[in-house]
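See structure below.
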Amino acid sequence: QVQLVQSGAEVKKPGASMKVSCKASGYTFTNYEIIWVRQAPGQGLEWMGWINPYNGNTNNVQKLQGRLTVTTDTSTSTAYMELRSLRSDDTAVYYCARVAVSGSWYFDLWGPGTRVTVSS
Amino acid sequence: QSVLTQPPSVSAAPGQKVTISCSGSSSNIGNNYVSWYQQLPGTAPRLLIYDNNKRPSGIPDRFSGSKSGTSAALGITGLQTGDEADYYCGIYDTSLNGWVFGGGTKLTVL
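Given below as structure tokens:
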């Protein structure tokens, strides 16, 4: 079926890096962009970045520039989100979502989320 | 501070109707289409409404969306206890060149 499956929970120390995967199935991976969204404990949704798997074009939120890299592997229909120099305020659940477009863009399919804890 | 403003919480009795507002600006709601997402406790968000007022397949017609100027609203009729969740509006912001979400509204069905 159509789904996004994410990698498992991680615990990281401050200053380390993390890489979350998001494997798509049930649809043509290169036909839809992928977005990454995070949610800190008890907080709302925060857009991080997106990638077009067809051409590799990306757009990341300015506050994460220099620390965030989003990539895809079209051979495995998998998107990756790497965040470096982790801080305690990077503790969050990280979601990937598929970007659909009609009048505008919207997110019609979400992964289950990956919980990342940054703690010394 | 979210670019889109939502009330932190709303509540209503089962069977009643509730409206959740989302206020923005000309760089987002004023010139683009709003989507709404439902997040049940402990789960990932789910698309409820796109293009201001369209429902994906599988979303009951108890859920509706509207937009006027720089504000949007999500309406839910015939409230059920299973509707208790956090609701988020989202949109592309042309000034920020990226997507933004409202702060979320917690719905309690009393």
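Each protein sequence line maps, in turn, to chains A and B.
Heads up: the first sequence begins at 901 in our numbering, then just goes up one per residue.
Heads up: the second sequence begins at 21 in our numbering, then just goes up one per residue.
The beta carbon of each residue, even a glycine, is placed where N, CA and C say it ideally should be.
Closer than 8 Å by beta-carbon distance: list the chain A residues that pair up with V120/B, in chain order. W947
Decide if P61/B is buried, meaning its Cβ has at least 16 other Cβ atoms within 10 Å, or exposed. exposed
Spatial distance of G1011/A from T90/B (CA atoms): 30 Å
How many angstroms separate the CA atom of D106/B from the CA atom of G44/B? 19 Å
Does DSSP put L1009/A in a helix, a strand or coil? strand
When we look at the beta-carbon of T978/A and count the other beta-carbons within 10 Å, is it buried (16 or more) or exposed? buried
Interface positions of the segment 957–975 of chain A facing chain B (Cβ-Cβ less than 9 Å), listed along the chain: N959, N960, V961, Q962
How far does the beta strand (DSSP E) with R987/A in it reach, from first residue to last? From DSSP, R987/A is part of no beta strand (DSSP E); its letter is neither H nor E.
I'd like the span of the beta strand (DSSP E) that includes T991/A, first residue to last. Where T991/A is concerned, there is no enclosing beta strand (DSSP E), given that its DSSP letter is neither H nor E.
Just checking: is the beta-carbon of Y932/A within a distance shorter than 9 Å of some beta-carbon in chain B? no
In the DSSP assignment, what are the bridge partners of V976/A? The identity of residue 976/A in the sequence shown is Thr, whereas the question assumes Val. None, per the DSSP bridge assignment.
Beta carbon of T930/A: closer than 8 Å to some heavy atom of the ligand NAP? As for the ligand NAP, it is missing from this structure, which has no ligand bound.
Please decide whether P1012/A counts as near chain B, where near means a Cβ-Cβ distance under 9 Å. yes
Counting only beta-carbon atoms, is L983/A nearer than 9 Å to chain B? no
To the nearest angstrom, how far is it from the Cα of W56/B to the Cα of Q939/A? 16 Å
How would you label G78/B, buried or exposed, when you count the other beta carbons within 10 angstroms and need 16 or more for buried? exposed
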